Structure formats: C-alpha cells, structure tokens
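Asks:
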Amino acid sequence: MIEHILSILIFFPLVAGVLGFMVNKDSIRAYGIAVSGIEFALSLLLWYVFDTANGGFQFTELMPLIPAFGINYQLGIDGISLFIVIMSTLITFLGILSLTEKRDIKNLIITLLALEMTMVGVFVSLDAILFYVFWELSLVPMLYIIGAWGGPKRIYASVKFFLYTFTCSLVMLVGMIFMAYLYQQATGQWSFSITEWYRVVLPMNLQMWLFAAFFLGFAIKVPMFPFHTWLPYAHGQAPTIGSVILAAVLLKMGTYGFVRLSLPLFPDATVWFIPVVVTLALIMIVYTAMVANAQKDIKQVIAYSSVSHMGVIILGTFALNIEGISGSVFLMLGHGIVSGALFLLVGVIYDRRHTKIMTEFGGLASIMPAYATIFGIMMMASVGLPLTINFVGEFLSLMGIFKVAPMYALVGGLAIIVGAIYMLSAFKKVFFGNVTNPENEKLKDVNRTELYGLIPLTIIAIWLGIYPKPILDPIDAAVRENVLNIMYQKIQTDMGTEAARELITDPYAKKPEIVIPAPTKKHATQSHKSEGGHH
Amino acid sequence: MEMFVYIALFAPLVGSLTAGLFGAQKKSLMVGVFASGMLFTSFIASLLLLVQVLQGHTFHVEMMTWIKTGDFNVPFGFVVNEVSVTMMMVVTTVSTVVHVYAIGYMDHDKSFNRFFAYLSAFVFSMMILVMSDNLLGLFIGWEGVGVCSWLLIGFWYHKESATWAANEAFIMNRIADLAMLVGIFTLYWNLGTISYEGIFATVGTADHGMLVTAAAFLFVGAMGKSAQFPLHTWLADAMEGPTPVSALIHAATMVTAGVYLVVRMNPLYDLVPEVGIVIASLGAFVAMFAATMALVNRDMKRIIAYSTLSQLGYMFVAAGLGAYWVALFHLMAHAFFKALLFLGAGNVMHAMSDELDPFKMGGLGKPMMWTFIMMTLASIALAGFFPLAGFFSKDLILEVAFVGGHPILYTVLLLTAGLTAFYSFRLVFLIFTGEERYKLFGFHPHEAYKYMLIAMSPLLVLAIITGFTFKGGYYEMVTALLPAGEYHIHNPIVYWIMTIGTQLFVGAAVLYAWIKYKNAKVDKKVEAGFFYQLLFNQYYIPKIYDEVFSKPYAELSKMCWKLDNTVVDATVDGIAHVFYGTAEKTHTMQDGNLSSMLRWMVIGLVALIVTAVIFIGITVNADAIMKLLGH
Numbered sequence: 023m024i025e026h027i028l029s030i031l032i033f034f035p036l037v038a039g040v041l042g043f044m045v046n047k048d049s050i051r052a053y054g055i056a057v058s059g060i061e062f063a064l065s066l067l068l069w070y071v072f073d074t075a076n077g078g079f080q081f082t083e084l085m086p087l088i089p090a091f092g093i094n095y096q097l098g099i100d101g102i103s104l105f106i107v108i109m110s111t112l113i114t115f116l117g118i119l120s121l122t123e124k125r126d127i128k129n130l131i132i133t134l135l136a137l138e139m140t141m142v143g144v145f146v147s148l149d150a151i152l153f154y155v156f157w158e159l160s161l162v163p164m165l166y167i168i169g170a171w172g173g174p175k176r177i178y179a180s181v182k183f184f185l186y187t188f189t190c191s192l193v194m195l196v197g198m199i200f201m202a203y204l205y206q207q208a209t210g211q212w213s214f215s216i217t218e219w220y221r222v223v224l225p226m227n228l229q230m231w232l233f234a235a236f237f238l239g240f241a242i243k244v245p246m247f248p249f250h251t252w253l254p255y256a257h258g259q260a261p262t263i264g265s266v267i268l269a270a271v272l273l274k275m276g277t278y279g280f281v282r283l284s285l286p287l288f289p290d291a292t293v294w295f296i297p298v299v300v301t302l303a304l305i306m307i308v309y310t311a312m313v314a315n316a317q318k319d320i321k322q323v324i325a326y327s328s329v330s331h332m333g334v335i336i337l338g339t340f341a342l343n344i345e346g347i348s349g350s351v352f353l354m355l356g357h358g359i360v361s362g363a364l365f366l367l368v369g370v371i372y373d374r375r376h377t378k379i380m381t382e383f384g385g386l387a388s389i390m391p392a393y394a395t396i397f398g399i400m401m402m403a404s405v406g407l408p409l410t411i412n413f414v415g416e417f418l419s420l421m422g423i424f425k426v427a428p429m430y431a432l433v434g435g436l437a438i439i440v441g442a443i444y445m446l447s448a449f450k451k452v453f454f455g456n457v458t459n460p461e462n463e464k465l466k467d468v469n470r471t472e473l474y475g476l477i478p479l480t481i482i483a484i485w486l487g488i489y490p491k492p493i494l495d496p497i498d499a500a501v502r503e504n505v506l507n508i509m510y511q512k513i514q515t516d517m518g519t520e521a522a523r524e525l526i527t528d529p530y531a532k533k534p535e536i537v538i539p540a541p542t543k544k545h546a547t548q549s550h551k552s553e554g555g556h557h
Numbered sequence: 024m025e026m027f028v029y030i031a032l033f034a035p036l037v038g039s040l041t042a043g044l045f046g047a048q049k050k051s052l053m054v055g056v057f058a059s060g061m062l063f064t065s066f067i068a069s070l071l072l073l074v075q076v077l078q079g080h081t082f083h084v085e086m087m088t089w090i091k092t093g094d095f096n097v098p099f100g101f102v103v104n105e106v107s108v109t110m111m112m113v114v115t116t117v118s119t120v121v122h123v124y125a126i127g128y129m130d131h132d133k134s135f136n137r138f139f140a141y142l143s144a145f146v147f148s149m150m151i152l153v154m155s156d157n158l159l160g161l162f163i164g165w166e167g168v169g170v171c172s173w174l175l176i177g178f179w180y181h182k183e184s185a186t187w188a189a190n191e192a193f194i195m196n197r198i199a200d201l202a203m204l205v206g207i208f209t210l211y212w213n214l215g216t217i218s219y220e221g222i223f224a225t226v227g228t229a230d231h232g233m234l235v236t237a238a239a240f241l242f243v244g245a246m247g248k249s250a251q252f253p254l255h256t257w258l259a260d261a262m263e264g265p266t267p268v269s270a271l272i273h274a275a276t277m278v279t280a281g282v283y284l285v286v287r288m289n290p291l292y293d294l295v296p297e298v299g300i301v302i303a304s305l306g307a308f309v310a311m312f313a314a315t316m317a318l319v320n321r322d323m324k325r326i327i328a329y330s331t332l333s334q335l336g337y338m339f340v341a342a343g344l345g346a347y348w349v350a351l352f353h354l355m356a357h358a359f360f361k362a363l364l365f366l367g368a369g370n371v372m373h374a375m376s377d378e379l380d381p382f383k384m385g386g387l388g389k390p391m392m393w394t395f396i397m398m399t400l401a402s403i404a405l406a407g408f409f410p411l412a413g414f415f416s417k418d419l420i421l422e423v424a425f426v427g428g429h430p431i432l433y434t435v436l437l438l439t440a441g442l443t444a445f446y447s448f449r450l451v452f453l454i455f456t457g458e459e460r461y462k463l464f465g466f467h468p469h470e471a472y473k474y475m476l477i478a479m480s481p482l483l484v485l486a487i488i489t490g491f492t493f494k495g496g497y498y499e500m501v502t503a504l505l506p507a508g509e510y511h512i513h514n515p516i517v518y519w520i521m522t523i524g525t526q527l528f529v530g531a532a533v534l535y536a537w538i539k540y541k542n543a544k545v546d547k548k549v550e551a552g553f554f555y556q557l558l559f560n561q562y563y564i565p566k567i568y569d570e571v572f573s574k575p576y577a578e579l580s581k582m583c584w585k586l587d588n589t590v591v592d593a594t595v596d597g598i599a600h601v602f603y604g605t606a607e608k609t610h611t612m613q614d615g616n617l618s619s620m621l622r623w624m625v626i627g628l629v630a631l632i633v634t635a636v637i638f639i640g641i642t643v644n645a646d647a648i649m650k651l652l653g654h
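Chains as they are written, first to last, in our numbering: chain A, 23 to 557; chain B, 24 to 654.
1) Enumerated in chain order, which unbroken segments of the alpha helix (DSSP H) with a length of 4 residues or greater are wholly contained in the region 405-434 of chain A?
2) Measuring only the C-alpha atoms, how far is Val282 of chain B from Tyr562 of chain B?
3) Buried or exposed, going by whether 16 or more other CB atoms sit within 10 Å of the CB of Phe464 of chain B?
4) Leaving aside the five residues before and after Ile320 of chain A along the sequence, list all residues of the same chain whose C-beta is less than 7 angstroms from its C-beta, in chain order.
5) Please identify, using Cβ separations under 9 angstroms, the residues of the region 175-188 of chain B that lie next to chain A, in order along the chain.
6) Give a yes or no on whether 9 angstroms exceeds the smallest Cβ distance from Pro478 of chain A to chain B.
7) Closer than 9 angstroms, CB to CB, is Thr41 of chain B near chain A or not?
8) For the candidate residues B:Met61, B:Asn514, B:Gly407, B:Ala31, whose alpha-carbon lies nearest to that of Leu73 of chain B?
9) Does Pro391 of chain A get closer than 9 angstroms to chain B when you measure Cβ to Cβ?
10) State the start and end residues of the unbroken beta strand (DSSP E) segment that holds Ile90 of chain B.
11) In three-state DSSP terms, what is Asn542 of chain B?
12) Starting from Ala387 of chain A, find everything on chain B with Cβ-Cβ shorter than 8 angstroms and list it in chain order.
13) Can you tell me which of A:Tyr444, A:Glu463, A:Thr410 puts its alpha carbon nearest to the alpha carbon of Trp485 of chain A?
14) Helix, strand or coil for Ile88 of chain A? Go by DSSP, reduced to three states.
15) Can at least three beta-carbon pairs, one atom from the region 305-321 of chain A and one from the region 70-78 of chain A, be found at a separation below 8 angstroms?
16) Give, in chain order, every unbroken run of the alpha helix (DSSP H) that is at least 4 residues long and sits entirely within the region 156-181 of chain B.
17) Of the residues A:Ser350, A:Phe233, A:Thr262, A:Glu123, which one's Cα is nearest the Cα of Trp294 of chain A?
18) In whole angstroms, give me the CA-to-CA distance for Val45 of chain A and Leu130 of chain A.
19) In the structure shown, what three-state DSSP assignment does Gln80 of chain A receive?
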C-alpha cells in the first residue's frame with residue numbers, strides 16, 4: 023500500500039468529499055476535521071517513510087493514460103515537493119479545524135476537500151498534462167469559495183481571479199504541447215513526462231520561447247508584478263479560509279513551477295532571463311510593500327505583503343545556486359505558515375467586528391492580549407526576525423542572489439526595511455494607543471476554536487526558525503539532484519551558453535576544506551581563490 | 024565548565040519565559056524576584072567563566088546545527104574568550120542591578136510581569152550577541168535586542184509618542200541591519216565562511232578591496248545599533264521607555280553592540296586602516312555633535328541619552344584607531360557610570376511624578392541625598408575626573424588619538440570632554456542645588472525605596488574603582504586576544520602637562536556650569552539666538568527626516584496604490600473589456616434569423632476559400648516568388 027501513498031494522498035480527500043454529501047449537516051464539521059486530519063497524518067507518514075538522504079524522486083507511480091500521446095499518470099515526490107504537500111495538508115487541516123464560518127458549512131467543507139485534492143495533485147504530478155489538469159482544477163473550488171462565501175463584490179473578484187489565471191495558463195499549455203512535440207521530433211515518441219523532458223537539451227531560441235510561455239503561466243499564479251492585481255481583489259472578497267489557502271498554498275504553485283519546470287528544462291534561457299525576472303521581482307518587493315503601506319484595510323496589507331514576500335522567493339529561485347534555491351523553497355513553506363496565520367488572525371477580528379478597516383480599531387493590545395501576542399509573533403516572523411521561520415528562507419534567498427549580483431541583494435534586501443515599515447505601522451494602528459471606539463471595549467479574546475489553528479502555526483513558525491535542519495536537508499538534496507545537477511549537465515553540452523556556465527556550478531563539486539594560509543600576507547592568493555571554486 | 028556557558032546564556036531565557044507565562048496576569052512580586060534571580064545566576068556563571076579565562080582557558084561550544092545548505096553551514100556556537108567574557112560581565116552585572124531596581128521602579132505598573140518578560144528576553148538576546156562564534160549568530164542577538172528594544176520603548180503602548188519612538192527605533196535599525204547582512208554576504212561568498220575563526224584565518228590573504236567593502240558594510244550595521252550619525256535620532260526618542268530600560272538597553276549594553284562588533288572583528292579592521300580612520304573621524308564628530316545637543320536640552324533623560332551618544336563616539340574613535348582594548352575598556356567603565364546616572368534619573372522621576380524638565384526641580388539634594396551623591400559621583404566619573412573610572416578610560420582615548428598622530432581628533436575629543444563636564448554638571452546643579460523650584464509646581468519629592476538605592480550601590484562602587492583597580496589586570500587579560508598597545512606618552516613633561524591640563528580644563532567647565540546654572544537663570548536673549556535654537560531643535564535633523572523621508576514615503580506609497588488601481592489593474596480590466604465589448608457587438612450576428620445566418624456562413628466560407636487559395640498559391644509557387652523577389 024505504501025508504494026501507492028501518493029495516489030492515496032490525492033484521491034482520499036476527493037472520495038471522502040464525495041461521500042461527504044451523505045453526511046448529516048450537524049456532523050459535517052467533525053467529518054471534515056477527521057478526513058483532513060487523516061490526510062495530514064498520511065502526509066506525515068509519507069515524510070516518515072521518505073528517504074531524506076536521497077535527492078531523486080521517490081514513491082514514483084507510472085500508469086499509461088493516453089499512450090499514443092505519451093500522457094501518463096506519473097507521480098513522484100522529492101524533498102522540494104514533499105514539504106509543500108505536507109504544508110498543504112496541514113493548512114487545510116488547521117483551516118477546517120478552526121473554521122468559524124456558519125453559512126452552508128457542508129458545501130464549504132466538501133469544496134475544501136476537493137481543493138485539497140487538486141493542491142496535492144499539482145505538487146506530486148510528474149506528467150505535464152496531469153500537472154496542468156490539477157493546476158486548472160484548483161481554480162474551480164477556489165472560484166466557488168470566493169463566489170459563494172465571499173464579500174459584497176465576490177462575483178467580480180472570483181471571475182477576475184478565474185479568467186486571469188486561466189487565460190495565461192492556456193499559454194503554458196501551448197508551451198507544454200510544443201515541448202512534447204519537440205520531444206516527439208527528437209525521439210519519434212510523444213511524451214509529457216517531466217522526468218523525460220529533463221533529458222532534453224534544447225537550442226537557445228526554443229528555450230527562450232518555451233521559457234516565456236511557461237513564465238506567463240507561473241508569473242500570474244505567483245503573482246508577479248505587473249500581473250498581481252487579481253490577488254488583492256481575491257483576498258479582499260474571499261472568506262478567511264479562502265484567503266488562508268490561497269496565500270499559503272495556491273500561490274506556491276507558481277514558484278514551485280519555476281523550480282520544477284522552468285529551471286531544469288530551460289537552463290540557458292533562465293540565465294538569459296535573470297535580469298528581466300529579477301527586475302520584476304525587485305519592483306514587486308519594493309513597490310507592493312509601498313502599496314501595502316498605503317492600505318487602510320488590514321487584510322489588504324497582508325495581501326500586498328504576500329506579493330512582496332513572493333518577490334524574495336523569486337530572487338532566491340533565480341539565484342541558481344544551492345543556497346538561493348533551497349532558501350527560496352524554504353521560504354515558500356515559511357510564507358505559507360506565516361501568511362496563513364496572518365489571514366487567520368485577520369479573520370478573528372473580522373468575525374467580531376465585521377470590518378477590516380484599521381482605524382476602526384486601536385488599543386486592542388489591552389483588550390485582547392493573547393490575540394495581540396500571537397499577532398505580534400507572527401508579525402515578527404513576517405518581517406523575518408532571526409529564529410523565526412521566514413528568516414532562514416529570506417536570508418538564504420538574498421544571500422543566493424548576492425552571488426549573481428550584489429546590487430540585486432541590496433535592493434531585494436530593502437524587503438526587510440519596507441516590510442518592517444508597513445507591518446509595524448499596521449500593528450501600531452490596530453493594537454497600540456487607547457481604545458477610542460466603544461465597540462471594541464467588549465471584544466472577546468481569541469477563543470478555543472481559533473487557537474486550534476493559531477497555536478500550531480505559531481509553534482511551527484518558531485520551531486523551524488530554530489531548527490530548520492530536518493526540512494532543509496531533504497530540500498538541499500533535491501535541489502542538487504533535481505534542479506541544479508540537471509541544469510549543470512545540460513549547460514555542459516555544446517548547446518549551453520557561456521553565461522550559464524559562468525553562473526551555474528557543479529552542485530556535487532567538493533569544496534576544499536582545509537586551507538593553509540599563505541606565508542606572506544598580501545596579494546598571494548588571487549590564484550588560490552579561483553582554484554578553490556568548482557570543477 | 025561548559026555547563027556554565029549554557030547556564031550563563033539560558034538562565035535569562037528561563038526567567039523571561041517564566042515571567043511571560045504570567046504576562047497577562049496581575050502583578051506578582053515573585054515574577055520580578057525570579058527573573059532577577061535568574062539574572063544573578065547568569066552573573067555568577069559568567070563570573071566563574073571569567074575566573075577561568077583569567078587563568079588562560081577559553082571555551083567554545085557548539086550546541087547544534089542551525090542553517091546548513093550548500094556550502095553554507097552555521098551552527099549555534101558560543102565562545103567565551105577574553106573579549107566576550109568582558110561583555111558578559113558587563114551585561115550580567117548591569118542587568119542584574121537593573122532587574123532588582125526595576126522591582127521597585129515598576130512597583131505600581133499593572134504590566135509588571137510583562138516588563139520582566141521583555142527585560143530578561145533582552146538580556147538573553149544580548150548574551151547571544153556577545154557569545155556567538157559567528158556573524159550570523161551575532162545577527163540573531165542583534166535583531167533580538169532590536170525587538171526587545173521595540174517592545175520596551177513602546178512598553179506603555181497607550182502613549183502615541185512611545186509607540187512612535189519604538190517603531191522609529193526598529194525601522195532605523197533595520198536600515199543598518201540590511202548593510203550588515205550585505206557585509207555578511209560579502210564575507211561568505213569571498214571567504215566561504217562566516218565564523219570568526221574562519222574569517223580570521225583567511226582574512227589575511229583575501230582581496231583588499233573586498234575587505235574594505237565588507238568592513239564598511241559591517242560598520243554601517245554597527246552605526247545603526249550604536250546610533251551613530253546619521254542614524255542617531257532614534258536613541259533620544261527611545262527615552263520614551265521606562266527608565267530602567269534606558270539604563271540597561273540605551274546606555275549600558277545594546278547601544279555598545281556596534282563598538283563590540285568592530286572590536287570583535289579586529290583582525291578584519293586591522294587590515295583596512297582606511298575604514299578605521301573613517302570610523303574614528305565619524306566617532307569624533309558624533310562625540311562633539313551629540314555633546315552640543317546635550318548642552319541646551321531641557322529633558323533630563325534626553326541629556327543623558329545625548330551623553331551616551333557622545334561617549335559611543337569616543338569608543339569608536341578608539342576602535343577605529345586600532346586601540347580595541349581601550350574601546351572595550353571605556354565601554355565597560357561607561358556602562359557602569361552611565362547606568363548609575365540613568366537609575367539616579369529614575370529616582371528623580373519617581374520623586375517628581377515623571378517630570379523631566381530639570382528647570383522645574385532644584386534643591387532636590389536635600390530630600391534625596393543618596394540619589395544626589397550617586398548622580399554626582401557618576402557625573403564625576405563621566406566627566407573624567409581623577410580617580411574615577413572615566414579618568415582612566417576616557418583620557419586613554421585622548422592619548423590614543425594623540426600618540427597615533429591625529430591632532431584634529433585629539434582636539435575635538437578634548438573640547439568634547441569640556442562640553443561633557445559642562446552638561447553633566449549643568450544637570451546635577453539644576454536638579455539638586457539651588458532654589459527649590461519644584462514647590463512652585465506642587466511636587467512632593469521623596470527618596471527612592473531603600474532597596475533600590477542598595478541595588479544601585481554595586482554600580483556606584485564599580486564607577487569609582489573600575490579605573491584604578493582593573494585597568495592593569497584588564498589590559499593583561501584582554502591583550503591575549505586583542506592587539507596590545509600601551510599608548511603612553513613617553514615624554515613625562517608632555518604627559519603631565521596634558522593630564523593636568525585636561526583636568527583643569529574639565530574642572531573649569533564644571534565651574535562655568537555652576538556659575539551659569541546655580542540659580543537656574545534663563546537668559547532669554549541667548550535662548551532666542553540662532554545657535555541655541557539650532558541645538559535645541561537637534562540641528563533640525565528630526566524635522567528634516569520627517570520632511571525628506573517619512574512624509575514623502577507615505578505620499579509615494581499612496582501614489583503607488585493609486586498607480587496600482589488606475590494603471591496596472593485598469594490595463595488588465597481594459598483588455599478584458601475589449602474582449603467583452605467585441606463579444607457584445609458581435610453576438611448580434613447570431614440572431615437566430617435563418618437568412619442572416621446563412622449570409623454570414625457564405626461570407627465565412629468565401630473568406631476561408633480565399634485564404635486557402637492564397638496560402639496554397641504561396642506554398643506551391645514559393646520558389647517562383649522567391650526568384651521574383653530576387654533571391
């Protein structure tokens with residue numbers, strides 16, 4: 023059974039969700055908690071049986087679906103996808119556990135389970151068509167969640183979300199079909215298998231076109247500047263649970279796509295596009311942080327801050343060294359935990375006051391001390407305080423991009439300043455000062471249901487900040503094997519460009535460990551240093 | 024002995040977490056006592072370690088891996104050596120005193136427990152900062168003390184000015200922290216390591232330009248934490264926090280972290296004297312710049328804060344000129360007498376219902392004799408009179424500048440010494456002597472609780488004896504790690520002229536302060552003058568920052584938001600509208616009328632056929648066409 027654990031992980035929530043229609047309305051909550059709890063436990067089991075030292079794909083499953091076109095049901099997991107899957111199941115579980123929504127809860131829980139299936143599906147698929155199917159399917163439950171449980175402008179927001187992402191994903195699909203066609207031209211057989219594609223070395227001009235096509239699909243999902251405007255609407259209208267999952271998991275599909283597909287498939291194009299992508303990411307970091315600073319609605323602050331943080335993830339990914347990519351994958355997890363928690367926290371006051379405008383609050387620290395404490399911790403995690411989860415990823419990402427060009431790190435590093443500005447001023451508006459609004463005087467502190475979601479996230483945010491090793495090690499192995507090694511091998515062929523060879527080094531090269539300093543003090547080591555690099 | 028390293032480090036954390044558990048509950052004296060006890064434990068452990076270090080042992084423990092990926096590997100590692108143990112002693116001594124004192128000072132505060140949770144957390148962060156064996160570990164403490172400082176400045180969070188100052192401090196420090204991160208990145212990618220040991224082993228053979236970059240960026244980081252110009256405005260505003268916080272964080276420990284960083288990285292800074300001279304020059308400038316602002320200020324705590332800033336400048340002069348042990352020695356001496364001065368100011372504030380303007384006090388020496396004595400002695404130490412601590416540590420910095428051949432730095436520092444004596448005693452005279460002006464304002468001052476005074480006494484003793492008892496032994500110990508240098512002026516005549524001359528000059532400054540302020544007379548004409556206003560308004564720098572940075576940033580933020588709505592998003596919607604509009608117009612084609620639809624079908628068919636014919640024509644006759652085009 024264990025060899026089919028990935029299939030079980032995908033389809034268990036779906037089957038359970040369908041069965042959920044037969045469950046009594048009063049017990050659907052317990053049912054939802056049980057199902058998502060089992061799913062989460064299964065994902066933990068997957069971690070337990072996962073060989074963390076192995077950087078390759080594990081628990082692979084292969085079953086032909088449409089052999090004529092090389093479309094297979096191919097699954098597999100490595101250190102990169104493993105933890106994103108665990109995060110998806112965790113966030114879903116905690117989301118359902120701390121659900122305070124009252125309206126039509128049965129359909130909501132079933133929708134969430136369906137959404138869980140698509141999320142897990144995206145991250146474990148090793149077939150492009152399968153990946154694409156789950157990718158697009160994930161839009162449907164989210165569309166429904168925003169459209170049915172959202173705020174007053176929910177229809178506009180959900181349609182915008184759907185059409186925008188869907189349209190650009192179609193471009194990605196064209197790219198995928200073209201890639202399979204190229205494979206067919208070279209080998210005589212169609213294949214959509216990502217692991218097969220990893221073996222294909224493409225000439226530069228084709229890489230460029232394909233990179234661009236994939237980029238459009240991923241960039242909108244991330245969402246990268248200037249494709250980000252659907253996100254504030256979606257967050258603004260979505261119910262708390264929708265925002266939590268959207269920010270924590272759905273956005274990660276985009277950055278995951280870069281790491282899983284763009285980088286290893288098109289290494290030279292990736293290097294060529296670095297200035298473009300990094301510039302967009304830098305704009306994204308600073309510009310959206312400033313937009314966040316101008317918001318009056320606390321949920322919009324968090325929404326824009328999400329975009330800003332995703333910019334740092336992009337920086338790490340396009341650093342194209344182990345430190346940067348591992349850091350960016352780790353930051354995906356960190357951002358998932360922290361932004362998920364922040365959206366849950368915003369939901370707490372929205373439930374009580376039905377407003378998210380910051381000037382309506384003020385002085386909450388004395389009325390809701392526990393709430394203020396958790397919010398404070400999560401805020402500090404969000405601004406990347408050392409010993410919280412986000413610091414590890416942010417530090418590594420910035421350090422990685424520093425190697426590409428110090429200027430990128432300097433500008434990208436502004437994230438830690440501008441992030442502190444909007445976060446601290448938002449915190450000040452909501453929690454500090456005197457209680458001026460009489461409506462706030464009687465507010466109740468966080469209740470038990472809310473704590474079910476918040477406490478575990480707080481613990482994780484600190485635990486992984488202090489001890490990231492159990493997660494960073496497998497990520498490191500996978501980044502070497504499934505990203506950088508593939509890129510490195512490809513650029514060593516005749517097709518590889520000089521620029522790429524300069525930037526991407528052999529991930530398995532051993533660094534000399536013992537260095538004996540030269541006897542004379544200055545200028546003796548220029549040559550020594552360059553030899554110390556990678557061969 | 025490794026056990027003691029962990030005890031020294033983690034005892035404050037235990038105290039903090041315990042106090043945090045009771046954070047939201049009613050005041051409990053036990054919380055304060057327990058936290059202080061934990062601090063005392065940490066102090067004892069540090070003392071035992073100091074004894075070991077004096078015997079020539081050093082300790083290096085690695086607790087566990089922290090971040091490891093690629094070639095990057097940073098553990099939680101801690102070092103107790105001659106330099107870090109100095110800081111451990113300073114931190115634990117001052118913080119134990121401040122904790123005990125705060126039990127009395129925060130007596131009436133409803134957030135008593137929360138206060139101790141924050142204060143002990145600060146000490147823990149500070150211990151990480153000084154004990155860590157690598158730069159990233161230092162950065163944990165660096166940011167940790169930043170957060171604790173944020174929490175403590177804004178401790179009375181209902182006050183707008185307090186929360187504003189807290190945010191200002193945090194954000195300004197963050198600016199410097201970015202520079203520090205860049206410094207760390209530079210060192211990592213060039214040397215392949217960020218542990219002190221690794222850096223020191225490879226730094227001698229590294230590229231000089233790279234070292235200059237790294238040293239400069241690390242120093243910018245230090246400038247933020249040590250509030251050097253132009254990142255200095257937060258320190259004076261930080262006085263919004265409770266006074267024990269000012270004593271511990273914003274005088275004795277956290278703000279000296281920048282000096283500590285330069286001292287700790289001495290093998291790096293030794294190789295880049297050009298950066299060192301910039302550090303020293305900036306230090307001398309800040310020493311004078313801050314002292315001038317202290318001359319006219321009317322806020323007791325701010326005066327002491329500017330004095331701190333000025334003394335930090337002195338330390339940077341020493342560190343920049345390569346006299347690391349002198350910088351560290353002054354850091355230590357300064358911690359003792361400055362903390363004492365602040366705690367004394369706390370007593371005064373308690374007595375005066377939190378009044379801060381010394382012009383509303385006067386004659387407090389009578390009801391508050393002990394505070395008067397302590398603050399006077401602390402001021403004597405600060406002014407650098409023989410034989411108190413400041414004489415030994417501060418005059419040494421003057422000698423360093425003189426011996427090093429930097430007459431300008433020396434002159435600036437000497438003048439600043441006069442200013443220091445003037446503003447310190449202006450404060451003492453205004454508060455404690457002369458007419459009892461407080462009666463006009465209806466205050467009923469009283470001396471602080473006895474145990475608060477007793478708690479302060481160790482600092483008093485240290486402020487007096489640090490100079491003449493520790494200097495020799497300290498030099499012996501710390502130069503095992505830091506470059507030795509006696510900085511003696513060999514010509515005895517010059518030496519005596521200088522020493523006595525400095526003493527006379529400083530004495531004259533005190534005398535001038537007495538003449539000027541014994542009656543607390545205010546000269547209206549001087550006050551209206553340009554220079555007075557310039558100094559009183561802190562050279563208008565806070566205002567300039569507000570106009571040049573804060574407001575434009577807020578405006579720009581709003582503009583960005585507008586841009587986001589009106590340009591970026593409107594483009595997306597515009598594209599969608601084009602499709603939608605086209606569909607709106609064309610859907611009338613499908614009106615269900617058979618004849619009109621047949622007509623459209625015919626048009627479509629014709630269009631298709633025409634296109635097909637053209638394309639087939641092109642492909643079939645491609646060669647002919649090419650020939651025609653001349654290929």
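Ideal Cβ positions, reconstructed from N, Cα and C, are used throughout, including at glycine.
Keep in mind that this is a model prediction, so the values were computed, not measured.
Replies: Straight from the coordinates:
1) 411-426, 428-434
2) So the two alpha carbons sit approximately 25 angstroms from each other.
3) exposed
4) Val368, Lys378, Met380, Ala448, Val452
5) Of all residues in the region 175-188 of chain B, those with a C-beta nearer than 9 angstroms to a C-beta of chain A are Gly177, Tyr180, His181, Lys182, Glu183, Ala185, Thr186, Trp187, reading in chain order.
6) no
7) For Thr41 of chain B, the answer is no, since every Cβ of chain A falls outside 9 angstroms of its Cβ.
8) B:Ala31
9) yes
10) Counting along the chain, Ile90 of chain B sits inside the beta strand (DSSP E) bounded by residues 82-92.
11) The three-state reading of DSSP puts Asn542 of chain B in coil, since its state is none of H, G, I, E or B.
12) Tyr180
13) A:Thr410
14) strand
15) no
16) Here the runs fully enclosed are 158-176.
17) A:Phe233
18) Near 13 angstroms, if we compare the C-alpha coordinates of Leu130 of chain A and Val45 of chain A.
19) Look at Gln80 of chain A here: in three-state DSSP terms it is strand.
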